[in-house]
Amino acid sequence: MAAAFAAIVALQAPPALAAPYLPRSGADVIETLPRRADPQQQELRRMRLQLAAAPADVQLAAALAQRYIAAGRSEADPRYFGYAQAALAPWWKQAAPPAAVRLLRATLLQGTHHFAEAMTDLDAVTAAEPANAQAWLTRATVQTVLGQYAAATASCARLSALAGELASITCLTNVSGLTGQLRKSELLLATTLQRSAGADPAMQAWTLTQLAEMAARRGDARLAEARFLAALKLAPRDSYLLGAYADFLLDRGQPGQAAGLLKEQRRIDGLLLRYALALKQSQATLPSPARQAALADAVRELQARFDAASLRGDSVHQREQARYELHLRGNARAALALALQNWAVQKEPADLRILLEAARQANDRAAAAPALAWLAQTGLEDSSIQPLAVQLAMPAGATPIAIAARSRP
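With numbering that gives the first Met the number 0 applied, the sequence shown covers 0 to 408.
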């Protein structure tokens, strides 16, 4: 079960640092601090004190870093990822640190999109410890993000002999569901979950999130909604889950629900972006001065964060920035440039979607051609992507109706 939770953590990238926030008045709430009586905070404090007394204890440092990563994910708070790296500082720059450190370093590196470095660490860990289930699962996650589906399947296959059935099947179907076997993969995963009632809640939440995304890609909104809500009961502040459900709500034209979901979770850039998109969608149908002001504040904050990332030479959020340029600023050309740079590295459905959306808005079919070829090759099934692909594949000036008319006998 620990391996399953590690995979959940690995899917979330630590966010770019935000620009300083200037409150409008002394009454504004700047930060809600964790309660000292919170059991998680007490445990973290105890471990910090132990590590301070024994800074060379690699096992203790790794355990603390792992707890920080879990907290960052479960609390939608990116600061914990920085704390995790700080806990590993004595070994962070070593070429070959202990395996426990190397695996955690790989998790943090892939979170900041340093995929090549992460894979170097993961290859080393799996070579030294071939029975390390967590390493194989994290490796499969990275390979799936990169679109290396055959390699990801092989990593999942290694996992099958090392972890529980639910973790193994979730890993395998995460890959097969993206390669032309969506319905079959969804059925297998749903059946496996049904007979895994005693699985760890974090494992169940990860699986339910994947099942919800599968149903959404098929266009079954009702089933997707039920699965998202079931996952949220188990992991109400999981940042990946919040982002996925918010995207679902935005696609369904439910921006009010999306904004409410994310209003208190805006520390992560991707969640702030979705909050702004929800405000814009709401403002288009039900204008209000207060909502317009909140939208303007969110857009300014996003721009400040992207500017800060640019100054650091950080390109970790190109997909989010492409969505920002296209849907909040209306700059299709800038969005397309960012989406193309992002697509050169990442091959998730969301990466493909923003590229096709930007190419359509920029009226640049040629830019979309390689991605469309990749879509045809992999057999990816996604109800939000297929209409975009059809439009971009049509001759200039043609319409679906005209093409259908010409195809009739």
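Cβ atoms here follow ideal geometry from the backbone N, Cα and C, with glycine treated the same way.
query, result
"By the 10 Å Cβ neighbour count, where 16 or more other Cβ atoms means buried, how is Gln203 classified, buried or exposed?", "buried"
"Can you name the start and end residues of the alpha helix (DSSP H) that Arg364 belongs to?", "364-377"
"What's the gap between the Cα of Gln340 and the Cα of Leu351?", "12 Å"
"For Ser73, count neighbouring C-beta atoms within 10 Å of its own C-beta (all shown protein chains included) and say buried if the count is 16 or more, exposed if not.", "buried"
"Identify which residue in Gln320, Ala245, Arg138, Leu43 has its Cα closest to the Cα of Ala338.", "Gln320"
"Taking only runs that begin and end inside the segment 327-358, name each unbroken alpha helix (DSSP H) of 4 or more residues, in chain order.", "331-342"
"Could you please give the first and the last residue of the uninterrupted alpha helix (DSSP H) stretch that includes Asn173?", "164-175"
"Does the segment 347-367 touch the segment 323-337, meaning 3 or more C-beta pairs lie closer than 8 Å?", "yes"
"Where does Ala53 land, buried or exposed, given buried means 16+ other C-beta within 10 angstroms?", "exposed"
"Taking the C-alpha atoms as reference points, what is the distance between Leu249 and Ala220?", "12 Å"
"Express the C-alpha separation of Arg273 and Gly242 in angstroms, rounding to a whole number.", "7 Å"
"For Ala494 and Ala123, which I take to be in contact (beta-carbon distance under 8 Å), what is that distance rounded to the nearest angstrom?", "Nothing can be reported for residue 494: it is not among the residues displayed for the chain, which extend from 0 to 408."
"Tell me the residue span of the alpha helix (DSSP H) that contains Ala293.", "288-310"
"What are the start and end residues of each continuous alpha helix (DSSP H) run of 4 or more residues lying completely inside the segment 73-159, in chain order?", "78-86, 88-91, 98-110, 114-127, 132-144, 148-159"
"Please name the residue in Leu294, Ala134, Asp381 whose C-alpha comes closest to that of Met118.", "Ala134"
"Pro254 by DSSP, collapsed to three states: which one?", "helix"
"Work out the CA separation of Arg304 and Leu371 for me, nearest whole Å.", "31 Å"
"Looking at Gln209: is its Cβ nearer than 8 Å to the Cβ of Thr169?", "yes"
"Could you spell out where the alpha helix (DSSP H) holding Asp268 opens and where it closes?", "268-284"
"Excluding five sequence neighbours on each side, which residues of the same chain lie with their C-beta closer than 6 Å to the C-beta of Arg138?", "Leu121, Ser154"
"Could you check the C-alpha separation between Ala201 and Asp237 for me, to the nearest Å?", "10 Å"
"When the Cα of Thr111 is compared with those of Thr125, Trp90, Ala99, Phe80, which residue comes out closest?", "Phe80"
"What residues in its chain sit with their C-beta under 7 Å from that of Glu356, if we drop five residues either side in the sequence?", "Leu325, Leu387"
"Which two residues bound the contiguous alpha helix (DSSP H) that contains Leu387?", "385-392"
"Reducing DSSP to helix, strand and coil, say where Glu30 ends up.", "The pLDDT assigned to Glu30 is 47, lower than 50, so where the model puts this residue is not dependable; a value taken from the coordinates is nonetheless given after this. Coil."
"Here's the rule: buried if 16 or more other CB atoms are within 10 angstroms of the residue's CB, otherwise exposed. What is Arg182?", "exposed"
"Could you say if the segment 282-296 and the segment 309-320 meet the contact criterion of at least three C-beta pairs nearer than 8 Å?", "no"
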